[in-house]
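In the working numbering, the protein residues as written are 95 to 472.
Glycine included, each C-beta is placed from N, C-alpha and C at the ideal position.
Only one structure is covered here, and it is reproduced in the block below.
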């Protein structure tokens, strides 16, 4: 049984937000402009992004609403929500811990029939997790049509109000109003949006479908430490301590629910691990650089583009830059939805030709996981 991506759809909330307007939406910590913002933006290459909030910081969409809107983009007169066998959803930023994100999306979609719903929470790989579940269900004959969504409302986690208490403490202790770099880093990297793809066992009626040849996912957590985290903080002994083991006051004093990134670990491990895993997969699936027509890497920052090229050249498996397709500068870093955003744009770009091979790369720095998957244009 073959499995095909027959449609893709997107939903980006509101109007694009420029680099200069970011603090108007996210706010200034203790009223002080960020000292780190320009440095981070100069390296990440993002020119605009989308936020599910107004300039005053008032929410305009929930995560589940955006995901449902993206899924609706897959539907038409010949396909209703009741025709779906599976709704498979991934996110790094659910609106709540319980109920699951997936069933909240299902609730938004409505319909007259119940269906199987699965929900993946974590970080950037959750979209691929959702994709692989639906892929395996169709490939095994357990389902015929599946909608897969990847969505984020990360702006809600980046607002200045969540950092105010810690900002005041740092200011009084160090006469420095700027948060520790690792806690402010992701404020200027992440943004909102939702993408969805339709999986079927036959190519679609539209001009282009993408056959899923294989999906591989691996974790390096057995040998590498935590690098990105939220709802937790690093304890005095260097271990990760979850929010339930902090007091309510510590939640504020330590910005426990803020998304944090150890940029030193990120720089040291994320690129070498990804190139090494790619070389291993090229041997397993018997493909070379020449077999790849398009390379869609999820980059958290354009800073890593040259690093990937340098490392892959050193390892003798370098995908030429002319084969890269990246839309990070204009859609922003939307975590689990970023890979789907590249697929959607390329799928409807008129650039694809039947028979071409598309390699997609999704790294997850939370505790260093990776996915690659191969698509064939049909």
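Under the three-state DSSP convention, the category residue i falls into
i, result
"residue 487", "Here the chain comprises residues numbered 95 to 472, so residue 487 is not present and cannot be evaluated."
"residue 302", "coil"
"residue 130", "coil"
"residue 109", "coil"
"residue 165", "helix"
"residue 283", "coil"
"residue 373", "helix"
"residue 89", "Nothing in the structure corresponds to residue 89, since the chain is present only between 95 and 472."
"residue 330", "coil"
"residue 102", "strand"
"residue 217", "coil"
"residue 145", "coil"
"residue 344", "helix"
"residue 228", "helix"
Between the CA atoms of residue j and residue i - distance to the nearest angstrom
i, j, result
"residue 242", "residue 151", "29 angstroms"
"residue 358", "residue 221", "26 angstroms"
"residue 286", "residue 410", "36 angstroms"
"residue 230", "residue 214", "15 angstroms"
"residue 450", "residue 117", "42 angstroms"
"residue 203", "residue 210", "13 angstroms"
"residue 440", "residue 433", "11 angstroms"
"residue 528", "residue 235", "In this structure the chain extends from 95 to 472, so residue 528 is not present and cannot be described."
"residue 206", "residue 176", "6 angstroms"
"residue 123", "residue 314", "35 angstroms"
"residue 254", "residue 346", "12 angstroms"
"residue 184", "residue 196", "8 angstroms"
"residue 111", "residue 178", "34 angstroms"
Residues near residue i in its chain [Cβ-Cβ closer than 7 angstroms; skip 5 each side]
i, result
"residue 312", "371, 463, 464"
"residue 366", "405"
"residue 226", "309, 311"
"residue 281", "120, 252"
"residue 168", "101, 103, 241, 290, 292"
"residue 375", "310, 466"
"residue 431", "221, 244, 245, 246, 287, 288, 289"
"residue 318", "363, 461, 462"
"residue 198", "158, 189"
Proximity test, residue i beta-carbon vs the ligand MG heavy atom, cut-off 7 angstroms
i, result
"residue 180", "Among the components of this structure there are no ligands whatsoever, and the ligand MG is therefore not found."
Beta-carbon spacing of residue i, residue j below 8 angstroms
i, j, result
"residue 239", "residue 294", "yes"
"residue 89", "residue 429", "In the structure displayed, the chain extends from 95 to 472; residue 89 sits before or after that span and is not available."
"residue 459", "residue 321", "yes"
"residue 250", "residue 224", "no"
"residue 140", "residue 422", "yes"
"residue 454", "residue 143", "no"
"residue 302", "residue 95", "no"
Cβ-based neighbour list, residue i, same chain, cut-off 8 angstroms, excluding 5 preceding and 5 following
i, result
"residue 420", "390, 391, 393, 396, 399, 436"
"residue 298", "98, 100, 101, 292"
Neighbourhood of residue i by C-beta, 6 angstroms cutoff - its chain only, sequence neighbours within 5 removed
i, result
"residue 452", "388, 469"
"residue 109", "none"
"residue 353", "251, 280, 324"
"residue 402", "365"
Beta-carbon separation (whole angstroms), residue i vs residue j, contact threshold 8 angstroms
i, j, result
"residue 257", "residue 349", "5 angstroms"
"residue 442", "residue 305", "At roughly 17 angstroms, the Cβ-Cβ gap does not stay under 8 angstroms, so residue 442 and residue 305 are not in contact."
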